Amino acid sequence: MNINITEESNTITAVFDGRLDTLAAQQISETIEPLLQHADQNIVLDCEKMPFISSSGLRIFLKIRKEVAAKGGKMYLKNICPDVRQVFKMTKLEDIFEILD
Amino acid sequence: MSNSPNKYSLANKELLKIVCAISALIIVSLIYYFHIRKESLYIAGKRAESTLKNTEMTIHIRTGKIETIVNSMQPMVEYALDDPEAMFDVARHTVESSSRILGAGIAFKENFYPEKGRWFETYAGRLRDCDSLIVTQIGGPNHDYLQMDWFQKGMAAEKGIWSNPYYDNAGSKTFMMTYIVPFRNEAGEVVGVIGADIAIDTLVNIIRGTKLYPNSFCSLVAGDGTVLASAPSMPKGKCHVYTETIDGKNMTLTLTIPDSDMYKRLRQSSAFFAFLAMTGILVVLFIAYRSLQNLWKLNEVRAKEQRIEDELFIARGIQQSLLPSGPSQGLADGLDISGLQISAKYVGGDLYDYFVRDGKLLFCIGDVSGKGVPAALLMAIAHSLFRTLSTHSDQPERIMKALNSSISDNNPDIMFITMFLGVMELSSGKVVYCNAGHNPPILIKDGQAKFLDTEPSLLLGVEPNAEYVAHELRLSPGDTLLLYTDGLTEAENTQNELFGETRALETATAVSAMTAQEQLTKMREAVQQFVNQAEQSDDLTMLSIRYLPAEDTLTLTDNIQELDQLEPFLESFFDRNNLDMALLPSVNLALEEALANVIMYAYPENAQGEVTLSAQIKDDDILMVIQDRGIPFNPLQQQEIDLDVPLEERQIGGLGIHLIKEIMDKVEYTREDGKNVLKMWKSIWTC
């Protein structure tokens with residue numbers, strides 16, 4: 001799992017590339033530090049290249065969201081593939097995250 | 102075909118016994134015969150001895166009288182010694198005293214009476230007619246008794262003696278013996294002798310009267326070897342001779358017994374016995390000959406039977422070789438199959454066969470009507486047709502139709518076959534089958550046996566244009582399809598009870614968990630135990646097909662990194678089982694959650710443990726089982742997260758379990774043998 005973070009006019013875009021499974025979730029805890037530091041800005045998590053997410057992955061998303069909420073930023077998800085979207089539905093997180101279609 | 106070298110051995114043995122028995126009889130008879138013969142000889146010897154003694158006694162008595170007469174004359178002679186003329190009277194008196202005395206003489210020594218000359222012997226003798234006597238003086242130059250043996254011996258004797266037998270030239274012209282008594286003068290000198298003659302014939306008559314055996318005879322032999330009395334003619338052949346010396350008379354008595362006489366009675370009784378024995382032996386031999394003839398005939402029949410049996414044995418070998426052989430468990434993945442056939446006779450009318458082609462198992466079991474060779478031949482034809490037809494088609498109804506048409510076309514004896522024929526897809530357990538009047542197979546599912554509910558079609562061989570309908574059945578892993586012929590359900594015990602369907606089902610239920618081969622062994626044992634001593638009446642054939650798709654198993658150590666093996670494992674499993682790929686992501690997610698749960702929580706920090714995942718298709722579900730030896734932990738008992746609670750208030754854990762429950766149709770946790778076992782079912786049909 002690679003995360004490609006770019007910053008452009010007050011918006012930080014993180015492209016999740018690969019499966020966000022249990023192992024990946026452990027590995028990226030440091031990689032997402034920059035996102036947590038800039039939680040006062042707009043953060044877009046681009047899921048186009050992420051075919052799979054596990055509960056650990058969901059927790060990463062929830063952690064970022066918590067930080068953003070605390071620091072007054074905004075967080076969006078976009079390009080979620082159907083399989084992953086299904087997971088969001090099952091966990092009722094679909095309504096909690098702001099998803100850009 | 103050569104006859105056995107021992108073909109006649111039984112007959113030869115009997116013959117040998119008879120010959121031995123007869124030989125023994127003959128040997129015993131001979132021993133007995135010689136024993137009796139020896140006894141006869143001994144007894145004859147005793148009898149001869151006693152006869153001779155008796156004869157000797159008779160001779161003594163007879164001669165004793167003569168001796169007495171002559172002895173009594175001695176004092177008279179001595180008294181009248183002065184008167185020579187008185188000596189004539191004495192001689193006469195002596196002869197007249199006994200008719201047996203032929204003649205008597207009183208002979209004096211040389212010149213005893215000077216007036217009478219040198220010789221003086223008065224003699225009285227009987228004439229030939231025996232009625233009158235002559236009395237005369239016979240001494241003289243012509244009868245010089247002084248030189249004669251009897252006179253000299255008599256003069257030298259102390260008392261009376263008998264002369265040797267001699268031939269009397271002068272008087273009676275016959276063999277004679279003379280008793281001689283010396284007499285003395287007053288001075289005590291011997292001066293003459295008194296003699297009395299008797300004819301030897303007197304003794305010979307005694308001897309002639311002695312008859313021990315019809316042809317035995319006595320003889321009297323004088324001391325000088327002269328035979329005084331003998332048999333008129335010598336008997337032929339071997340003789341036994343017994344002798345007895347007569348005291349005081351220088352004679353020997355002999356008793357001669359011809360061998361033929363001695364053993365005559367023995368020979369007669371032996372001949373009679375031999376006749377009886379020979380008759381007996383002939384009867385025995387005749388009977389033996391008749392029995393041996395029967396035995397020989399029997400042997401010929403046996404040899405013929407043996408030949409037929411040999412051929413049937415070869416036929417049995419050929420028939421057995423038609424059946425599938427070799428290890429059936431390695432035939433194909435997911436299949437455990439075993440067949441068994443026990444023919445009631447050398448060759449049977451049952452058949453079964455199976456083989457795997459293109460991932461499918463083609464199998465059949467059949468029972469030809471009738472038994473023995475005709476059934477076996479039709480069985481071989483049906484078997485060969487099945488093999489040929491099933492290489493071109495895997496549709497049971499088409500194979501069955503073609504089989505039926507071939508068999509019906511040329512079936513003058515209207516023999517028929519019942520057959521169950523099926524094709525099983527090894528990947529899915531789907532079985533398409535046709536049943537041509539065969540017994541419904543037993544289906545063992547979840548440890549429970551029941552008959553497959555199926556509508557049978559027409560028997561093979563009856564109607565050339567019959568149509569056959571295919572039915573479908575799906576075997577789950579662990580299920581068994583047990584095919585059999587009526588030799589199972591109709592096995593009969595000595596009380597004529599049938600093994601029956603109920604027992605068949607009970608036994609099948611009891612063996613449900615065993616391998617196919619064990620199942621058949623146990624089934625056969627159950628039948629044999631039931632049948633017990635009764636003769637197997639029908640061929641018993643069984644074919645057990647167990648569907649056992651290999652479980653797909655993934656074993657991981659408790660390391661999160663190993664979870665990346667999960668997705669390839671599932672992709673391969675879905676692919677092999679033709680499952681809908683749309684199901685893959687969610688199943689993958691649920692299993693990842695479950696496995697991650699075990700890896701992170703089941704084992705303590707430093708301990709290394711394993712976790713296994715197995716997956717299989719069970720009925721219409723994918724059954725997934727996760728097992729580990731970690732601390733007892735039931736993930737399902739974790740508190741369900743309340744998704745409706747605002748996110749901020751929710752606990753961060755519990756999401757994974759929630760996902761598992763959400764995705765799977767059924768989840769079950771058990772603790773078995775120190776293992777955490779988590780079973781999950783997911784329908785293969787996409788919602």
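Chain order of the listed sequences is X and Z. If you read the first sequence in our numbering, its first letter stands for residue 1, the second for the next number, and so on. If you read the second sequence in our numbering, its first letter stands for residue 102, the second for the next number, and so on. All C-beta atoms, glycine included, are put in the ideal place defined by N, C-alpha and C. As the structure is a computational prediction, the values presented were derived from the model and not from experiment.
Nearest to GLU602 of chain Z by alpha carbon, out of Z:TRP786, Z:LEU553, Z:ILE301? Taking the second sequence and counting its residues from 1, one reaches residue 602 of chain Z at position 501. Closest option to GLU602 of chain Z, Cα to Cα, is Z:LEU553.
Nearest candidate by alpha-carbon position, reference CYS81 of chain X, set X:LEU23, X:GLY57, X:ILE53: Against the first sequence, residue 81 of chain X aligns to sequence position 81. CYS81 of chain X has its Cα closest to that of X:ILE53, out of X:LEU23, X:GLY57, X:ILE53.
8 Å Cβ cut-off: residues of chain Z touching GLN86 of chain X: Against the first sequence, residue 86 of chain X aligns to sequence position 86. Within 8 Å Cβ-Cβ: PRO686, SER687.
Could you tell me which residues DSSP puts in a beta bridge with VAL457 of chain Z? In the second sequence, the residue the question calls residue 457 of chain Z occupies position 356. DSSP, once it has assigned bridges, lists Z:LEU462 as partnering VAL457 of chain Z.
Can you find a CB in chain Z that lies within less than 8 Å of the CB of MET75 of chain X? Within the first sequence, residue 75 of chain X is the residue found at index 75, counting from 1. No, no contact with chain Z.
If you follow the alpha helix (DSSP H) that TRP786 of chain Z is part of, which residue opens it and which one closes it? To locate residue 786 of chain Z, count along the second sequence from 1; it is residue 685. Counting along the chain, TRP786 of chain Z falls outside any alpha helix (DSSP H), and DSSP gives it neither H nor E.
Apply the 10 Å Cβ neighbour rule to ILE162 of chain Z and answer buried if 16 or more other Cβ atoms are within range, or exposed otherwise. Here residue 162 of chain Z refers to the residue found at position 61 when the second sequence is read from its first residue. The residue is exposed, with fewer than 16 neighbouring Cβ atoms inside 10 Å.
Spell out the partners DSSP gives ILE646 of chain Z in its beta bridges. Taking the second sequence and counting its residues from 1, the one referred to as residue 646 of chain Z is at position 545. For ILE646 of chain Z, which the question treats as bridged, DSSP gives the partners Z:ILE438, Z:LEU582.
Closest Cα partner of PRO513 of chain Z within the set Z:ASP774, Z:PRO565, Z:VAL191: Here the question's residue 513 of chain Z lines up with position 412 in the second sequence. Per the Cα distances, Z:PRO565.
Three or more C-beta pairs closer than 8 Å, one from the segment 507 to 521 of chain Z and one from the segment 545 to 563 of chain Z: is that the case here? yes
Cross-chain neighbours of MET1 of chain X in chain Z, by beta carbon under 7 Å: Residue 1 of chain X sits at position 1 when you count from the first residue of the first sequence. Under the 7 Å cutoff, chain Z gives no residues; its nearest Cβ is about 11 Å from MET1 of chain X.
Beta-ladder partner(s) of CYS129 of chain X, from DSSP: One cannot answer for residue 129 of chain X here, as it falls past the ends of chain X, which runs 1 to 101.
What are the residues that DSSP puts in a beta bridge with GLN728 of chain Z? Position 627 of the second sequence, counted from the first residue, corresponds to residue 728 of chain Z. Answer by DSSP bridge pairing, in chain order: Z:THR713, Z:VAL778.
Under a Cβ-count criterion, where at least 16 other Cβ atoms within 10 Å of its own Cβ denotes burial, should CYS89 of chain X be classed as buried or exposed? Locating residue 89 of chain X in the first sequence gives position 89, where the first residue counts as 1. The amino acid occupying residue 89 of chain X in the given sequence is Lys; Cys does not appear at that position. So LYS89 of chain X ends up on the exposed side.
Run down chain Z in chain order and give the residues with a C-beta less than 9 Å from the C-beta of THR11 of chain X. Here residue 11 of chain X is taken as the residue at index 11 of the first sequence, counted from 1. Correct list: empty, because the minimum Cβ distance to chain Z is about 23 Å.
Contact defined as beta carbons within less than 8 Å: I believe ILE262 of chain Z pairs with ILE281 of chain Z. What is the distance between those atoms, to the nearest angstrom? Numbered from its first residue, the second sequence carries residue 262 of chain Z at position 161. Numbered from its first residue, the second sequence carries residue 281 of chain Z at position 180. Yes, ILE262 of chain Z and ILE281 of chain Z are in contact; Cβ-Cβ is about 6 Å, under 8 Å.
Which residues mark the beginning and the end of the alpha helix (DSSP H) in which ILE55 of chain Z is found? Because chain Z is modelled from 102 through 788, residue 55 of chain Z falls outside the range shown and cannot be assessed.
What does GLY757 of chain Z touch in chain X if you count any residue whose Cβ is under 7 Å from its own? Here residue 757 of chain Z refers to the residue found at position 656 when the second sequence is read from its first residue. Going along chain X in sequence order, the residues near GLY757 of chain Z (Cβ under 7 Å) are SER55.
Could you check what DSSP says for VAL612 of chain Z in three-state terms: helix, strand or coil? Numbered from its first residue, the second sequence carries residue 612 of chain Z at position 511. Note: VAL612 of chain Z maps to coil in three-state DSSP.
Can you check which of these residues, Z:ALA122, Z:MET516, Z:THR492, is closest to VAL524 of chain Z by C-alpha distance? Translated into the one-based positions of the second sequence, residue 524 of chain Z becomes position 423. Of Z:ALA122, Z:MET516, Z:THR492, the residue nearest in Cα terms is Z:THR492.
Under the three-state DSSP convention, the category ILE239 of chain Z falls into: As a first step, residue 239 of chain Z must be located in the second sequence, where it is residue number 138. Of the three classes helix, strand and coil, the one that applies to ILE239 of chain Z here is coil, per DSSP.
Straight-line Cα distance separating ALA323 of chain Z from MET277 of chain Z: Counted from its first residue, the second sequence places residue 277 of chain Z at position 176. Counted from its first residue, the second sequence places residue 323 of chain Z at position 222. The straight-line gap from Cα to Cα measures roughly 11 Å.
CB contact below 8 Å: GLU750 of chain Z versus chain X: By 1-based counting over the second sequence, the position of residue 750 of chain Z is 649. Because GLU750 of chain Z sits at a pLDDT of 49, beneath the cut-off of 50, its placement in the model cannot be relied upon, and the following sentence gives the value as read from the coordinates. No, GLU750 of chain Z lies away from the interface with chain X (no Cβ there is under 8 Å from its Cβ).
Counting only C-beta atoms, is GLU94 of chain X closer than 8 Å to chain Z at any point? Working through the first sequence from its first residue, we reach residue 94 of chain X at position 94. Answer no: the Cβ-Cβ gap between GLU94 of chain X and chain Z never drops below 8 Å.
Going by Cα to Cα distance, which pick from X:LEU36, X:ALA70, X:MET1, X:GLY57 is closest to ASP17 of chain X? Counting from 1 along the first sequence, the entry for residue 17 of chain X is found at position 17. Among X:LEU36, X:ALA70, X:MET1, X:GLY57, the Cα nearest to that of ASP17 of chain X is on X:MET1.
Quick one: is MET90 of chain X near chain Z, going by C-beta distance under 8 Å? Numbered from its first residue, the first sequence carries residue 90 of chain X at position 90. For MET90 of chain X, the answer is yes, since a Cβ of chain Z falls inside 8 Å of its Cβ.
Under the three-state DSSP convention, the category CYS340 of chain Z falls into: One-based indexing of the second sequence puts residue 340 of chain Z at position 239. Reduced to three states, the DSSP call for CYS340 of chain Z is strand.
Opening and closing residue of the beta strand (DSSP E) in which MET256 of chain Z lies: Residue mapping note: residue 256 of chain Z aligns to position 155 of the second sequence, counting from 1. First-last for MET256 of chain Z: 250 to 257, but that is the alpha helix (DSSP H), not the beta strand (DSSP E).
Distance, GLN26 of chain X Cα to GLY435 of chain Z Cα: Position 334 of the second sequence, counted from the first residue, corresponds to residue 435 of chain Z. Position 26 of the first sequence, counted from the first residue, corresponds to residue 26 of chain X. Taking the straight line from one Cα to the other gives about 39 Å.
Over the uninterrupted alpha helix (DSSP H) stretch that includes TYR702 of chain Z, give me the two end residues. In the second sequence, residue 702 of chain Z corresponds to position 601, counting from 1. Looking at the DSSP string, the run of the alpha helix (DSSP H) that includes TYR702 of chain Z is 685 to 702.
Within 10 Å of its beta-carbon, does ASN243 of chain Z have 16 or more other beta-carbons around it, so buried, or fewer, so exposed? Along the second sequence, read from residue 1 onward, the residue named residue 243 of chain Z stands at position 142. It is exposed - the Cβ of ASN243 of chain Z has fewer than 16 other Cβ atoms within 10 Å.
Using three-state DSSP, classify ALA550 of chain Z as helix, strand or coil. By one-based count along the second sequence, residue 550 of chain Z stands at place 449. In the structure shown, ALA550 of chain Z sits in a strand (DSSP, three-state: E or B).
Considering only C-alpha positions, which residue in the set Z:TYR702, Z:ASN540, Z:GLN618, Z:GLU345 is nearest to PHE734 of chain Z? As a first step, residue 734 of chain Z is located in the second sequence; it is residue number 633 there, counting from the start. Nearest of Z:TYR702, Z:ASN540, Z:GLN618, Z:GLU345 to PHE734 of chain Z, Cα basis: Z:TYR702.
What distance in whole Å lies between the Cβ atoms of GLU591 of chain Z and ASP639 of chain Z, which are believed to be in contact at a cut-off of 8 Å? By 1-based counting over the second sequence, the position of residue 639 of chain Z is 538. By 1-based counting over the second sequence, the position of residue 591 of chain Z is 490. Right, their Cβ atoms sit about 6 Å apart.
ILE661 of chain Z: contacting residues in chain X (beta-carbon distance under 7 Å): Here residue 661 of chain Z refers to the residue found at position 560 when the second sequence is read from its first residue. The contacting residues are THR22, LEU23, GLN26.
Would you mind sorting SER124 of chain Z into buried or exposed? The rule is 16 or more other CB atoms within 10 Å of its CB. The residue given as residue 124 of chain Z occupies position 23 in the second sequence. So SER124 of chain Z ends up on the exposed side.
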